[in-house]
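Residue numbers (the working numbering): 63 to 504.
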Ligand code: PLP
């Protein structure tokens with residue numbers, strides 16, 4: 063531990079045990095671009111393999127550069143330990159496969175990133191794991207879908223396009239009363255949502271987005287809150303509480319005890335990462351660390367710029383309505399205010415009056431904002447889901463996903479807000495012209 067501060071700005075730069083490189087004194091974290099590590103002798107090697115001593119063996123499982131990223135995010139998130147993996151998709155998959163095997167089930171919110179949806183509805187099914195999708199509007203839906211084979215609940219803090227904040231505290235409480243851990247994908251709300259403080263057991267990130275922050279690197283993170291009583295629910299979690307043949311009968315909840323409350327993430331590393339192998343490259347770990355070090359500062363500016371964009375859009379004649387947690391009312395707003403502190407994130411959706419044609423014209427009219435299928439870049443980004451990510455869905459399916467014909471999603475970046483607004487304004491003028499026939503017909 064290099065700092066006792068609990069402030070984000072300090073933890074982002076100093077959280078974890080790294081102070082300087084032990085070999086060279088380098089302050090910036092070096093890129094240990096190596097696959098393997100020289101053992102001191104055969105005794106040392108066999109102790110490492112038997113997990114009697116922790117240390118570097120092979121970069122698929124552990125790497126010093128990646129290790130700094132893992133400690134830093136665990137400190138920032140308030141978790142016990144973390145595991146970095148090759149992508150956000152891997153983080154979601156491993157988070158569930160770490161507790162669920164064939165015949166088990168997971169209860170998930172319906173409001174998910176499309177890639178997570180297909181992972182859950184198709185690929186996990188292929189592994190024999192059933193994902194039961196429930197509407198998060200009523201947290202009790204999670205209880206109703208739970209049975210003895212339910213191994214986790216899963217949801218995103220701030221899912222787009224609807225941007226309805228998930229009731230983390232309510233669902234975590236239901237899970238704890240039944241012995242089921244809540245896994246939260248906090249990709250769209252780092253720092254502003256604190257899932258562990260609300261009872262979540264595991265947090266996952268696509269570090270590709272705000273954590274990296276510069277649109278350069280794909281990566282994922284799994285953070286163990288160290289706060290879930292696996293042993294109290296031993297019958298539900300045999301993968302953590304029963305002897306593991308692959309490690310001479312090790313029981314992960316026992317094996318982790320000298321290291322801290324990290325049985326969950328220890329198993330994810332030495333079983334799933336070792337066997338399935340979606341390791342983060344040390345170079346990407348370095349790039350993600352560069353992003354993480356300025357995340358508190360960037361996140362504040364993202365939040366501020368997004369509020370300005372949302373307010374501007376809400377007053378514009380070409381805009382039917384704006385989707386942004388800070389402009390919601392009723393229960394969605396209550397949930398947003400309960401879970402988000404210091405900002406509403408940088409995602410802003412809006413519905414153009416002129417439908418699909420206006421949506422296309424808006425996107426094609428942008429000159430500063432980039433048209434990409436991504437979020438969380440330092441640059442402002444825009445996409446028109448009805449003509450891109452959701453084009454294969456029927457109009458009814460699009461509506462269920464919250465995608466209307468004139469819906470546009472913005473990921474508001476860090477350019478000067480006046481320049482972002484100027485670009486949006488001139489593109490809205492083009493959208494207004496293109497949408498005129500649709501408006502007349504309506
Ligand atoms: N979770 C969310 C909320 C996302 O938006 C994404 C990607 O867009 C992912 C997970 C998957 O992350 P990755 O692209 O790093 O695999």
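The C-beta atom is built at its ideal place from N, Cα and C for all residues, glycine as well.
Computed from a prediction, not measured in an experiment: that's the story for all the values here.
Nearest-angstrom Cβ-Cβ length linking residue i and residue j, presumed shorter than 8 angstroms
i	j	result
residue 410	residue 368	5 angstroms
residue 484	residue 423	17 angstroms between Cβ atoms; not a contact.
residue 254	residue 129	No, residue 254 and residue 129 are not in contact; Cβ-Cβ is about 26 angstroms, not under 8 angstroms.
residue 229	residue 395	That pair is no contact at about 13 angstroms.
residue 266	residue 157	5 angstroms
residue 212	residue 247	Contact doesn't hold; Cβ gap of about 18 angstroms is too wide.
residue 280	residue 148	7 angstroms
residue 191	residue 167	7 angstroms
residue 383	residue 419	Not really, about 18 angstroms apart at Cβ, beyond 8 angstroms.
residue 233	residue 217	7 angstroms
residue 65	residue 80	Wrong, their Cβ atoms sit about 11 angstroms apart, outside the cutoff.
residue 176	residue 451	6 angstroms
residue 78	residue 282	With 8 angstroms as the limit, residue 78 and residue 282 do not qualify as a contact, their Cβ atoms being about 18 angstroms apart.
residue 505	residue 70	Nothing in the structure corresponds to residue 505, since the chain is present only between 63 and 504.
Residue interval of the beta strand (DSSP E) (run including residue i)
i	result
residue 383	381-385
residue 327	Residue 327 -> not in any beta strand (DSSP E); alpha helix (DSSP H) instead, spanning 325-329.
residue 212	212-218
residue 473	469-473
residue 443	443-445
Spatial neighbours of residue i in its chain, beta-carbon cut-off 7 angstroms, leaving aside the 5 residues before and after
i	result
residue 515	The structure shown does not extend to residue 515, since the chain is modelled only from 63 through 504, so no value can be given for it.
residue 455	463
residue 339	122
residue 278	349
residue 214	158, 161, 162, 168, 242, 243 and 245
residue 318	324, 325 and 328
residue 304	313
residue 353	273, 274, 275 and 276
Cut-off 8 angstroms between Cβ atoms - residues of its own chain near residue i, not counting five sequence neighbours on either side
i	result
residue 443	431, 432, 433, 434, 436, 437, 472, 473 and 475
residue 223	385, 411, 447, 463, 464, 465, 469 and 471
residue 67	73 and 76
residue 164	189, 190 and 191
Contacting residues, own chain, Cβ-Cβ under 6 angstroms from residue i (five flanking each side not counted)
i	result
residue 441	432 and 475
residue 505	Coverage of the chain is limited to positions 63 through 504, which leaves residue 505 absent and any answer about it impossible.
residue 348	93 and 127
residue 351	91 and 131
residue 336	123
residue 195	170 and 172
residue 82	89
residue 203	196 and 197
residue 360	275
residue 295	241
residue 308	none
Residue i, enclosing alpha helix (DSSP H) - first and last residue
i	result
residue 110	104-111
residue 72	70-76
residue 205	202-206
residue 460	457-462
Proximity test, residue i beta-carbon vs the ligand ZN heavy atom, cut-off 6 angstroms
i	result
residue 280	By its list of ligands, the structure shown excludes the ligand ZN, since it contains just the ligand PLP.
Minimum length 4: unbroken alpha helix (DSSP H) runs contained in the stretch 335-401
344-355, 357-376 and 392-401
Contiguous beta strand (DSSP E) assignments of at least 3 residues, all confined to the stretch 124-148:
143-147
Mind pulling the beta strand (DSSP E) runs of 3 or more residues that sit fully within the stretch 238-322?
244-247, 264-268 and 282-286
Say whether the stretch 415-431 touches the stretch 483-493, bearing in mind that this needs 3 or more beta-carbon pairs closer than 8 angstroms, one atom from each stretch.
yes
Any beta strand (DSSP E) of 3 or more consecutive residues that is wholly inside the stretch 394-441:
409-414
Which whole runs of the beta strand (DSSP E) in the stretch 160-195 are 3 residues long or more, in chain order?
167-171
Touch test, the stretch 255-274 against the stretch 286-296, Cβ-Cβ under 8 angstroms, three pairs minimum
With a cut-off of 8 angstroms on Cβ pairs, the stretch 255-274 is in contact with the stretch 286-296, counting three or more such pairs.
For the stretch 310-323 and the stretch 169-185, state whether three or more C-beta atom pairs, one from each stretch, are separated by less than 8 angstroms.
no
Check whether the stretch 80-88 and the stretch 135-155 are in contact - that is, three or more C-beta pairs closer than 8 angstroms.
no
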